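Asker: Note that the protein sequences, when read in sequence, are chains E and B.
If you're matching positions, the first sequence starts at 16 in my numbering and goes up one per residue.
If you're matching positions, the second sequence starts at 16 in my numbering and goes up one per residue.
Ideal Cβ positions, reconstructed from N, Cα and C, are used throughout, including at glycine.
Computed from a predicted model, the values in this text were never measured in an experiment.
Shown below is the structure under consideration.
Protein chains: 2
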Amino acid sequence: MQGVKIVCRGWAFAFSILPDGRRQILSFLLPGDFASTAAVLNERVGISLQALTEVCYCDYDRGDLIDCVRSDSKVFEKFSELCNTERNEANEMVTDLGRRTANQRVARLILALMARLQERNQVRDGSFEFPLRQQHIADATGLTPVHVSRVFSAFRQAGMLAVKGRSLTVQNEAELQRISSER
Amino acid sequence: MQGVKIVCRGWAFAFSILPDGRRQILSFLLPGDFASTAAVLNERVGISLQALTEVCYCDYDRGDLIDCVRSDSKVFEKFSELCNTERNEANEMVTDLGRRTANQRVARLILALMARLQERNQVRDGSFEFPLRQQHIADATGLTPVHVSRVFSAFRQAGMLAVKGRSLTVQNEAELQRISSER
DNA sequence: CGGAAACTTGATCGAATTCAAATAAGGTGG
DNA sequence: CCACCTTATTTGAATTCGATCAAGTTTCCG
């Protein structure tokens, strides 16, 4: 029987795949994330997972986790919080894809990832590990890789961010924020 | 303290609102639906609810529900299933908005609603109550009302569906299915 | 050094938006 | 039941954002 996985180190992502082979990335998994909270509650999930970097994960027995969640109210509370966060992220994603421009989607993705890494103390002077290829960004934002390249070029040229190897530096967070939330 | 609501009769929808006032509909609530399972787990949810028709709902105490979910393993199982369904729907929505055309999004929305109503035995010969304005469809599919009108016109003209008053009839489900899943 | 994958850039195309106006549908008070 | 008013829907024309197509470049590695 399949257990529930929690990422300890490295990046991964969850995605769904379309009949024609294109894919939609549903979420990125950073160290400490459940490989979907849904996996705890239900054995079968209709999505696929893929590693972005070398990943180290822990594998727990689903039954044990459920017992743990049900018996300890502190754990239940924490787990609920986690579900809620995931849910909010999904809602944010729907709103981004439904109602925001390419620039906004890319800006928001970068800021969201930075915020999550910040919580994990993995950002130094606006710089953080960034193992995504532009294809991944395209699949997460519902754009084409070509257009992602153009957006990145524009952001770079405007001095908002810089990419070097597998690391990204946000040079002008305020401006990215502004773009994210302009109407 | 705010309780958890379950729709007994009528339609409602959950949505988020953008700084400029546009909105993104996140889900439709049909009779029997929780007003978001998330509301059970966490008191605060960052989304708004609005009724589409006259709605009748039951209001439960959150603490009671949590106790019930935690103490009874059958209930826990059912609740987990519900969370999972919601989650899958959100994922489907992300995929639709990120990767599918206007025609596909509209076709899929109609089919998804029909399927949910079918489970509730509220479809007769392809016809069912349909209280949505085109604005709602637009807000759910990330389109403009104008474009929704065009898509509907095309579907109607192709004999796939018919709208009369607050009721919709799917006349050619197979064709809608085909459009939904064409590459 | 060579080859493959990733990224960039330009030109063109197309789906959906925007703007604007006309028509239809619904609901209300007389 | 009808005239009137408001809210929805339809339709057309012009525009725009992002996609697609097609070469280049760069980067990364063995």
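Of the choices Asp76(B), Asp35(B), Ala117(B), Pro46(B), whose alpha-carbon is the least far from that of Thr69(B)?
Answerer: The sequence shown places Glu at residue 69(B), not Thr. Measuring from the Cα of Glu69(B), the nearest candidate turns out to be Pro46(B).
Asker: How about Leu124(E): is its Cβ closer than 6 Å to a heavy atom in the ligand GDP?
Answerer: For the ligand GDP, the structure offers nothing, since it holds no ligand at all.
Asker: Over the uninterrupted alpha helix (DSSP H) stretch that includes Ile152(E), give me the two end residues.
Answerer: 149-156
Asker: Does the count of Cβ pairs from the segment 132-146 of chain B and the segment 133-142 of chain E closer than 8 Å reach three?
Answerer: no
Asker: Closest to Thr78(B) by C-alpha separation, out of Ala153(B), Leu191(B), Gly18(B), would be which residue?
Answerer: Rather than Thr, the amino acid found at residue 78(B) in this sequence is Gly. Comparing Cα positions, the closest option is Gly18(B).
Asker: Using a Cβ-Cβ distance cut-off of 7 Å, determine whether Ala105(B) contacts chain E.
Answerer: yes
Asker: Spatial neighbours of Ala155(E) within its chain, please: CB distance less than 7 Å, with the 5 preceding and 5 following residues excluded, ordered by chain position.
Answerer: Spatial neighbours of Ala155(E) in its own chain (CB-CB distance under 7 Å, excluding positions within 5 residues in sequence) are listed in chain order as Ile40, Leu124.
Asker: Counting only the same chain and skipping the five closest in sequence on each side, list residues whose C-beta sits under 8 Å from that of Ser168(B).
Answerer: none
Asker: Could you round the C-beta distance between Arg85(B) and Arg85(E) to whole angstroms and report it? I think they count as a contact, below 8 Å.
Answerer: 5 Å
Asker: Expressed to the nearest angstrom, what Euclidean distance is found between the alpha-carbon atoms of Ala177(E) and Leu64(E)?
Answerer: Approximately 28 Å, taken between the alpha carbons.
Asker: Within 8 Å, do at least three Cβ pairs link the segment 18-28 of chain E to the segment 96-113 of chain B?
Answerer: no
Asker: In three-state terms, what does DSSP make of Tyr184(B)?
Answerer: As written in the sequence, residue 184(B) is Thr, which differs from the Tyr given in the question. In the structure shown, the three-state DSSP call for Thr184(B) is strand.
Asker: Are there 16 or more other CB atoms within 10 angstroms of the CB of Glu150(B), so buried, or fewer, so exposed?
Answerer: Here residue 150(B) is Gln; the residue named in the question, Glu, does not match the sequence. Its Cβ having fewer than 16 others within 10 Å, Gln150(B) is exposed.
Asker: Assuming Leu67(B) contacts Leu126(B) under a Cβ cut-off of 8 Å, what Cβ separation, rounded to an integer in Å, is found between them?
Answerer: Wrong, their Cβ atoms sit about 19 Å apart, outside the cutoff.
Asker: Quick check on the DSSP output: the alpha helix (DSSP H) that includes Leu80(E) runs from which residue to which?
Answerer: 77-86
Asker: Is the CB-CB distance between Leu158(E) and Arg114(B) below 7 Å?
Answerer: No; because the gap between Cβ atoms is not below 7 Å, this pair is not in contact.
Asker: Can you check which of these residues, Met129(B), Ile62(B), Phe49(B), is closest to Arg72(B) by C-alpha distance?
Answerer: A small correction: the amino acid at residue 72(B) is Tyr; Arg does not occupy that position in the sequence shown. When each option's Cα is compared against that of Tyr72(B), the closest is Phe49(B).
Asker: Closest Cβ-Cβ distance between Arg37(E) and chain B: below 7 Å?
Answerer: yes
Asker: Is there at least one Cβ from chain E nearer than 7 Å to Leu97(B)'s Cβ?
Answerer: No, Leu97(B) lies away from the interface with chain E (no Cβ there is under 7 Å from its Cβ).
Asker: What are the residues that DSSP puts in a beta bridge with Lys179(B)?
Answerer: Note: Lys179(B) sits in a beta bridge opposite Ser182(B).
Asker: From what residue to what residue does the alpha helix (DSSP H) around Phe43(B) run?
Answerer: Unbroken run through Phe43(B) is the beta strand (DSSP E), 38-44; no alpha helix (DSSP H).
Asker: Using the three-state DSSP reduction, which class does Val90(E) fall into: helix, strand or coil?
Answerer: helix
Asker: Candidates Val166(E), Pro160(E), Leu147(E), Thr110(E): which alpha carbon is nearest Lys179(E)'s?
Answerer: Leu147(E)
Asker: Quick one: Cα of Cys120(B) to Cα of Arg193(B), how far?
Answerer: Looking at the sequence shown, residue 120(B) is not Cys but Arg. Distance between the alpha carbons of Arg120(B) and Arg193(B) is about 12 Å.
Asker: Give every residue of the same chain whose Cβ lies closer than 7 Å to the Cβ of Thr184(E), excluding the five residues on either side of it in the sequence, and list them in chain order.
Answerer: Gly141, Ser142, Leu176, Ala177
Asker: Got a sec, what are the start and stop residues for the alpha helix (DSSP H) Leu64(B) sits in?
Answerer: Where Leu64(B) is concerned, there is no enclosing alpha helix (DSSP H), although the beta strand (DSSP E) it sits in stretches over 63-66.
Asker: Give me the residue from His162(B), Arg171(B), Val22(B) with the minimum Cα distance to Asp74(B).
Answerer: Among His162(B), Arg171(B), Val22(B), the Cα nearest to that of Asp74(B) belongs to Val22(B).
Asker: By the criterion of Cβ-Cβ separation under 8 Å, what are the contact partners of Gly157(E) in chain B?
Answerer: Leu112, Gly113, Arg114
Asker: For Lys89(E), does the count of other Cβ atoms within 10 angstroms reach 16, so buried, or fall short, so exposed?
Answerer: The residue in question, Lys89(E), is exposed, as its Cβ has fewer than 16 Cβ neighbours within 10 Å.
Asker: Got a sec, what are the start and stop residues for the alpha helix (DSSP H) Arg24(B) sits in?
Answerer: Per DSSP, Arg24(B) lies in no alpha helix (DSSP H) segment; the continuous beta strand (DSSP E) that holds it begins and ends at 19-24.
Asker: Give me the Cβ distance between Val109(B) and Met108(E), rounded to the nearest whole Å; I'm assuming they're in contact under 8 Å.
Answerer: 5 Å between Cβ atoms; contact.
Asker: For Arg85(B), which residues in chain E fall below 9 Å Cβ to Cβ?
Answerer: Val84, Arg85, Ser86, Ser88, Phe91
Asker: Starting from Ala169(E), follow the alpha helix (DSSP H) in both directions and report where the run begins and ends.
Answerer: 160-172
Asker: For Val166(E), does the count of other Cβ atoms within 10 angstroms reach 16, so buried, or fall short, so exposed?
Answerer: So Val166(E) ends up on the buried side.
Asker: Can you tell me whether Asp111(B) is helix, strand or coil according to DSSP?
Answerer: helix
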